[in-house]
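Each remark here refers to the structure printed beneath this line.
4 protein chains.
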Amino acid sequence: MSLEKRARTLALQTLASDQVKAPNPNFAEEVARSFAQQSMMSLIGAQLSLVEPGVVEINLPYRQDLTQQNGYLHAGVVTTIADTACGYAGYTLMPVGASVLSVEFKVNLLRPAEGETFVARAEVIKAGKTLTVVRADVFAITDDARKLIATMQGTMMCLTK
Amino acid sequence: MSLEKRARTLALQTLASDQVKAPNPNFAEEVARSFAQQSMMSLIGAQLSLVEPGVVEINLPYRQDLTQQNGYLHAGVVTTIADTACGYAGYTLMPVGASVLSVEFKVNLLRPAEGETFVARAEVIKAGKTLTVVRADVFAITDDARKLIATMQGTMMCLTK
Amino acid sequence: MSLEKRARTLALQTLASDQVKAPNPNFAEEVARSFAQQSMMSLIGAQLSLVEPGVVEINLPYRQDLTQQNGYLHAGVVTTIADTACGYAGYTLMPVGASVLSVEFKVNLLRPAEGETFVARAEVIKAGKTLTVVRADVFAITDDARKLIATMQGTMMCLTK
Amino acid sequence: MSLEKRARTLALQTLASDQVKAPNPNFAEEVARSFAQQSMMSLIGAQLSLVEPGVVEINLPYRQDLTQQNGYLHAGVVTTIADTACGYAGYTLMPVGASVLSVEFKVNLLRPAEGETFVARAEVIKAGKTLTVVRADVFAITDDARKLIATMQGTMMCLTK
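Chains as they are written, first to last, in the numbering used here: chain A, -17 to 143; chain B, -17 to 143; chain C, -17 to 143; chain D, -17 to 143.
Shown next as structure tokens:
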């Protein structure tokens, strides 16, 4: 197995995420409602494609107006969908009435962001009462091939009233 | 002096940056030309406002369609202007014919991104032959007040043909 | 499956790493020789426990003189073994005659570093000609229980003469 | 002014830090007491050399047993003193009875860590009720010359009983 395939397999494998318990029974609706309020998501054409306890995926079709000087998806757009996926992955495990905030994140850009569609997949590594650590991988998809183009490690904060 | 004022003073002070030598005499034109090719900058309404050897600033007026669920500027947009400023700050010190690439960056989000305008100011910390380390501060401006809302530390790569 | 167990399973699963090809047939000896020259490893009592193409593990027994103010392993020590594991994981995939250098890394500290032994496991995410991106998880082991206490994402550089 | 000198000047300038108010009047004693309990500091020979509100410096003389394979100070040791300086810089601005915890940090290694002595200087960027963001620069000193060898950006957490 190549290194690329291995990383891909690791990241995409079934995580049995339905066995992680979400404290808020309406977590999926809450994520969808909040996502719909992020006008930035609609500006860039990003869509929520998976919401499970501790895992969120966001899809983004390539568009020419989202690019940097070489025609690749701008690193800022790659980061935008990764950060949003991380925030909501963390949010799925927060209690009723909480809100979520990005504290910090770090992104490594691994390959040129070229593809027809991009998917950011975020998974919670550690859910804490105040801080939740999340990782996201961003893949570029062309035909049936997926390439890992970026990876994020970040911290999300749970705010309760 | 308050902590906030001190950080602000530190970040905004005159850096005597014209005394840092740019190996490419046309660095400012090159940055402007490349920036104009980043369609993402035009989508979000970002403008290049300062280009000096080792220092670049980008301005972004607030727009409702750039926000997250609470109406603040999306962390991804904050990151987008910071990353672009870092890339071009690094680029100002690269040789003729080089191109620049973001390798990785880390962002700490310090305060809610609310303001009328946002400024990302990037400064090169260490310019190397292959790798250049850059820091950027992002400020929110309302009337005459500036608040530091985010800070980035990142690595840019110089590609030569 | 709990979130903790899931993360653990993910991190510890067999990676079929022997199927990733190391360009240097003597990679394991080279890693061992270089590790033996790191006097810091011997000062803290760290040992190389696994060397495969793209994967390296380092073990460290708890010692009272490696702690911070609360008696937990110092975050700097946690980082030291994670960084060393990352560097050598990257090194296993570098060509004959190369040397390796840490460019940058980011660590999230997830739980108090308490345990009888600590293991840092690093895996290459993307091996490039110049830059290699590596991730490391650090586990605390007490009796038979393993806890993920920290995770690192970093960049290593390949230097050739 | 060279880039290196500029960065140095920036980092070393007087910060008028005595004008930042520490909520705990005994902050300096508390830092010294806690530092003395970090057995790792004594193992590597690190000393607290400056404690002001929001600013802490730690000195470390070079020792052969703190090195990596090329005889330079190990990146983990560089990180250890930077992290400790960051933690205590944050601690100086925390209320009476609080304790401090490293949440995460990111380090860029800028130059080989060679020198007679090393100084990590940490400065608080933003002190929050729960989270404090701190930056540290690490310098290598040889005779009278100082070189910036690493820079850290991290998050510290305030724990109250």
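Note that the Cβ used here is the ideal one computed from N, Cα and C, for glycine as well. If you're wondering where the values come from, they're calculated on a predicted model, not measured in any experiment.
Restricting attention to A:V82, A:P5, A:M134, the CA atom closest to the CA of A:K143 is found in A:V82. Interface criterion met: the Cβ of C:T62 is under 7 Å from a Cβ in chain D. Distance from the CA of C:Q20 to the CA of C:V115, rounded to the nearest whole angstrom, comes to 22 Å.
At a cut-off of 7 Å, the C-beta of C:L25 has no neighbouring C-beta in chain A. For C:G72, the uninterrupted alpha helix (DSSP H) segment begins and ends at 57 to 73. For A:A14, there is no enclosing beta strand (DSSP E); the residue is found in the alpha helix (DSSP H) stretching over 9 to 19.
C:S16 is classed as buried because its beta carbon has at least 16 other beta carbons within 10 Å across all chains shown.
Among the CB atoms of chain C, one or more fall inside 7 Å of the CB of B:E86. Contact check for D:Q135 and D:F87: beta-carbon distance about 7 Å, within the 8 Å limit, so the pair qualifies.
Note: B:V37 is bridge-paired with B:E34, B:E105 in the DSSP secondary-structure output. Counting along the chain, A:E86 sits inside the beta strand (DSSP E) bounded by residues 81 to 91. When DSSP states are grouped into helix, strand and coil, D:D47 belongs to the helix group. Under DSSP, A:G136 shares a beta bridge with A:F87, A:V116. Excluding the 5 residues flanking it on each side, B:L92 has same chain C-beta neighbours closer than 7 Å at L130, I131, A132, T133, in chain order. The criterion of a C-beta distance shorter than 7 Å is satisfied by C:G69 and C:S84. Rounded to the nearest whole angstrom, the CA to CA distance from D:P94 to B:V13 is 31 Å. Distances from the CA of A:C140 to each of A:Q46, A:A122, A:K108 were compared; the closest alpha carbon is that of A:K108. Distance from the Cα of B:I63 is smallest, within the candidate group B:P5, B:I123, B:A118, B:A4, for B:A118. Residues of chain D whose Cβ lies closer than 8 Å to the Cβ of C:V59 are, in chain order, M22, G58, T62. In terms of beta-carbon proximity, B:T142 stays away from the interface with chain C, with every pair separated by 7 Å or more. Within the segment 63 to 79 of chain A, the residues whose Cβ lies closer than 9 Å to any Cβ of chain B are, in chain order, I63, A64, D65, T66, G69. Interface residue (Cβ-Cβ distance to chain D less than 7 Å): B:V37 is not classified as such. Note that the C-beta distance between C:T66 and C:G97 is not below 7 Å. If you compare the alpha carbons of C:L32, C:V37, C:L25 with that of C:K3, the shortest gap goes to C:V37.
Looking at the backbone, the Cα of B:N41 and that of B:I26 are separated by about 11 Å. Contact annotation: A:P35 and A:T74 have beta-carbon atoms nearer than 7 Å. Residue environment for D:A102: buried (at least 16 other C-beta atoms within 10 angstroms of its C-beta).
Per the coordinates, the alpha-carbon of A:N8 lies some 28 Å from the alpha-carbon of A:F121.
Nearest to A:V106 by alpha-carbon distance, out of C:K111, C:N90, C:V106, is C:N90.
In this structure D:V59 touches C:M22 by the C-beta definition: roughly 6 Å separates them, less than 8 Å. Within the same chain, and ignoring the five residues on either side of A:H56 in sequence, the residues whose Cβ sits closer than 7 Å to its Cβ are L48, T49, Q50. Bridge partners of B:K129 according to DSSP: B:A122. Look at B:T114: its C-beta is not under 7 Å from any C-beta on chain C. Among the CB atoms of chain C, one or more fall inside 7 Å of the CB of D:D47.
Of the candidates D:R128, D:A10, D:M76, D:A127, D:M76 places its Cα closest to the Cα of D:T112. The beta carbon of D:N52 sits closer than 8 Å to the beta carbons of P94 from its chain, once the five residues preceding and following it are set aside; these are given in chain order.
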